[in-house]
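Inspection log for the structure reproduced underneath, given as structure tokens.
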Amino acid sequence: MRIGMPHMGNLYIPFKAMFQRLNIDFVIPPLTNQHTLSLGVKHSPEGLCIPFKLTLGNLIEAAQLGADTLLMPTGYGICRLGYYAKTQEQILHDLGYYNVEVIGVGISEHKLLGLLKIIKRLSNNAPWPKIISAFRFGLSKLNTLDRIERVVQKVRAVELVKGTANQLFAEAIGAIDKADDYNALKKAQADYIDQLNQITKDNQAEPVVVGIIGELYVVLEPFSNFDVESELGKLGVDVRRTMFLSEWTKFSLFLNPLGINEKDRIHKAALPYLKRDIGGDGWESVGEKVLHANRYDGLVHLVPFTCMPEIIAQNIMPKTKENIPVLTILCDEQITKTGMLTRLEAFVDLLQRKRRVENNRQRVAT
0 MRIGMPHMGN LYIPFKAMFQ RLNIDFVIPP LTNQHTLSLG VKHSPEGLCI
50 PFKLTLGNLI EAAQLGADTL LMPTGYGICR LGYYAKTQEQ ILHDLGYYNV
100 EVIGVGISEH KLLGLLKIIK RLSNNAPWPK IISAFRFGLS KLNTLDRIER
150 VVQKVRAVEL VKGTANQLFA EAIGAIDKAD DYNALKKAQA DYIDQLNQIT
200 KDNQAEPVVV GIIGELYVVL EPFSNFDVES ELGKLGVDVR RTMFLSEWTK
250 FSLFLNPLGI NEKDRIHKAA LPYLKRDIGG DGWESVGEKV LHANRYDGLV
300 HLVPFTCMPE IIAQNIMPKT KENIPVLTIL CDEQITKTGM LTRLEAFVDL
350 LQRKRRVENN RQRVAT
């Protein structure tokens, strides 16, 4: 059995660590790129969203490398994600990969126990202590990646030499990937956070603050959104994002089963405008706008083209009383990076001008 899975940010690193400790043969497809997109677009129904197309491209590349058991996240409810695994498996069979099985990983329904049972099956019934130990180590790598990324987001906005934080982050990812025990992992975290904090910064800068909201996959997979966070950092923007895989894992696997739901506060904020779940992350997108209206200068709303939940959210946002600019970016194979950068530059210019006007008004008032 050779295991493969699609990419979503750096998710492959904790899975690689876990599978290595369980002696599972893990096939890592190339990081998502233009060839991946071309494969996915070629073999997908035209009307499906970019997450389907890119993950299908990843799965095809994994199958080409010899993977015969592919893991694909699934869900329940209104979003089409619940149908992806079976549809993609059929497409792979039609392409001649008859021995490939796509296993739907329904974390949303089965929580931690369901995920551990899948890992036990993949590990040929390894002992539970060994499975739990490997899972904890993978989770530690995920948490370390996200802690460093949070620091990178803040440094990008004020670094004097643009690109320094990104270079250190790439080195940190490699060091975390290579760490084979907890001591090496802790050392990598401490070393790279220290290096990031020592980057020469513009101490006079007062960067505008922009939040990133939208559908989970296009928020977390840089290729799908042309690495919008890095591009905003180059423009001197302090990027904020509440959606991290470590946070999602903490609540979905551990706290939700105990009745602690991190989304209750977001759903409550959205209630004046949207009173029920519409699938995907649409309800959360509306709630995030309401919650962050007084904390951020603006929001970038990332939407997969044809994603109905996010399209609903997009159309509700202009009608809320919370006055915060929102730039919606539709993510699809048809958009170009040049067009997106032009829109980002204009949006940031608008936010900076808006802040200057507000600062002048406050000075006059005093």
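Each residue of the sequence shown is one higher than the last, beginning at 0 in numbering that gives the first Met the number 0.
From the three backbone atoms N, C-alpha and C, an ideal C-beta is built for every residue, glycine too.
For Leu301, the enclosing beta strand (DSSP E) has its first and last residue at 297-303. Contact fails between the region 232-241 and the region 127-138, because fewer than three Cβ pairs, one in each stretch, are under 8 Å apart. Cβ-Cβ separation between Lys153 and Asp226: approximately 17 Å, too far for a contact (criterion under 8 Å).
When C-alpha distances from Pro206 are compared across Pro29, Phe51, Met71, Val347, the shortest belongs to Val347. Every beta strand (DSSP E) of 3 residues or more that sits fully in the region 278-354 is shown, in chain order, as 297-303, 325-330. Counting along the chain, the unbroken alpha helix (DSSP H) around Asp176 starts and ends at 163-177. Scanning the region 10-94 from its first residue to its last, the whole alpha helix (DSSP H) runs of 4-plus residues come out as 11-20, 33-42, 49-63, 80-93. Put simply, of Pro72, Glu60, Thr54, Ala174 the residue whose alpha carbon is nearest the alpha carbon of Ala16 is Ala174. Below 8 Å, too few C-beta pairs join the region 161-179 and the region 37-55 to call them touching: fewer than three.
By the Cβ-count criterion, Glu287 is buried, with 16 or more other Cβ atoms from all chains shown falling within 10 Å of its own Cβ. Thr73 is not a Cβ neighbour of Asn57, given a cutoff of 9 Å. Residue pairing by DSSP places Arg360 in no beta bridge whatsoever. Straight across, the Cα-Cα distance linking Tyr272 with Val217 is about 24 Å. Taken through DSSP and simplified to helix, strand or coil, Ile212 comes out as strand. Sixteen is the threshold: when 16 or more other Cβ atoms of the shown chains lie within 10 Å of the Cβ of Asn9, as they do, the residue is buried. Membership of Glu220 in any beta strand (DSSP E) is not indicated, and neither H nor E is assigned to it by DSSP. The beta carbon of Leu195 sits closer than 7 Å to the beta carbons of Val150, Val151, Val154, Ala164, Leu167 from its chain, once the five residues preceding and following it are set aside; these are given in chain order. Spatial neighbours of Phe18 in its own chain (CB-CB distance under 6 Å, excluding positions within 5 residues in sequence) are listed in chain order as Phe25. Annotated three-state conformation of Glu158 is strand, per DSSP.
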